[in-house]
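The structure appears below as structure tokens.
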Amino acid sequence: MNDFEFSHRLKVRYSEVDGQKVVYNSHYLMYLDIAVSEYFAERLTEKEAAQFDYMLVKSTLNYHQSARYNDWLTIRCRMERIGTKSMTVSFVITKDDEVEPILTAEIVYVYVDPVTIVSATVPDFIRTSFQPVQQ
Numbered sequence: 600m601n602d603f604e605f606s607h608r609l610k611v612r613y614s615e616v617d618g619q620k621v622v623y624n625s626h627y628l629m630y631l632d633i634a635v636s637e638y639f640a641e642r643l644t645e646k647e648a649a650q651f652d653y654m655l656v657k658s659t660l661n662y663h664q665s666a667r668y669n670d671w672l673t674i675r676c677r678m679e680r681i682g683t684k685s686m687t688v689s690f691v692i693t694k695d696d697e698v699e700p701i702l703t704a705e706i707v708y709v710y711v712d713p714v715t716i717v718s719a720t721v722p723d724f725i726r727t728s729f730q731p732v733q734q
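Residue numbers (my numbering): 600 to 734.
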């Protein structure tokens, strides 16, 4: 887990649990969204963040075990790759800082121009703010 450069903790809320008393699957995407937002906020200046907008274009989630109400989760993420117009971020969610993952995921985001909301070239400040695993 040391190769993930960012982590964010959150507690599972009652409203996120389904009838089987485990976190409902779609809430994991929300957890990943919270973590990546915090990851970007930590790395970017306020000016850079105002110029940076992105949209999810592909998500791959692998469920390994379940989280339950009141569990504390650690969501780790790292920049895997920065392409011309897209960025790939990897995630792992664990419970109470355990080693075994609850979920592993990879999400591809496309950079979009904040005004036109059309895909555009990833800005240089993103390339300098993040060190992707794959060059």
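Just so it is clear, CB atoms sit at the ideal spot from N, CA and C, and this is done for glycine as well.
Here the structure is a predicted model, which is why all the values come from computation and not from measurement.
Relative to the alpha-carbon of residue i, which residue among the options has its alpha-carbon at the smallest distance?
i: V622; options: I633, Q733, N669, A640; result: N669
i: V691; options: F651, A649, V635; result: V635
i: T659; options: K620, S689, I681; result: S689
i: D695; options: T715, T673, G682; result: T673
i: Q730; options: E679, T693, Y653, Y627; result: E679
i: T687; options: S625, V732, R667; result: V732
i: G682; options: D723, E645, M629; result: D723
i: Q619; options: P700, R667, E699, T693; result: R667
Mind checking which residues open and close the alpha helix (DSSP H) that includes residue i?
i: A666; result: First-last for A666: undefined, no H or E at that position.
Can you tell me where the beta strand (DSSP E) with residue i in it begins and where it stops?
i: F724; result: That residue, F724, is in no beta strand (DSSP E); its alpha helix (DSSP H) goes 723–728.
i: K610; result: 605–610
Looking only at its chain, what residues have a beta carbon closer than 6 Å to the beta carbon of residue i, apart from the 5 residues adjacent to it on each side?
i: R642; result: S728
i: S749; result: Outside the shown range of the chain (600 to 734) lies residue 749, about which nothing can therefore be said.
i: F603; result: R675, R677
Determine the direct distance from the alpha carbon of residue j to that of residue i, and round the result to whole angstroms.
i: I706; j: S606; result: 16 Å
i: L702; j: A649; result: 31 Å
i: E637; j: R726; result: 17 Å
i: E697; j: W671; result: 10 Å
i: V611; j: E647; result: 31 Å
i: N624; j: V616; result: 9 Å
Which same chain residues, not among the five before or five after residue i, have their C-beta less than 8 Å away from its C-beta?
i: V656; result: S685, V707, Y708, V709
i: V717; result: V711
i: A719; result: K684, Y710, V711, D712
i: T693; result: M600, L672, T673, R675, E699, P700, I701
Residue i bridges to which residues according to DSSP?
i: A704; result: L660, F690
i: L643; result: Per DSSP, none; premise fails for L643.
i: M629; result: Looking at the DSSP assignment, M629 forms no beta bridge with any residue, so it has no partner.
i: I652; result: For the record, residue 652 in the displayed sequence is Asp; it is not Ile. DSSP output for D652 lists V711 as bridge partner(s).
i: T673; result: R608, T693
For the ligand SAH, I want to know if residue i counts as a neighbour, meaning its beta carbon is within less than 7 Å of at least one of the ligand's heavy atoms.
i: V621; result: In the structure on display, the ligand SAH does not appear, and there are no ligands present to speak of.
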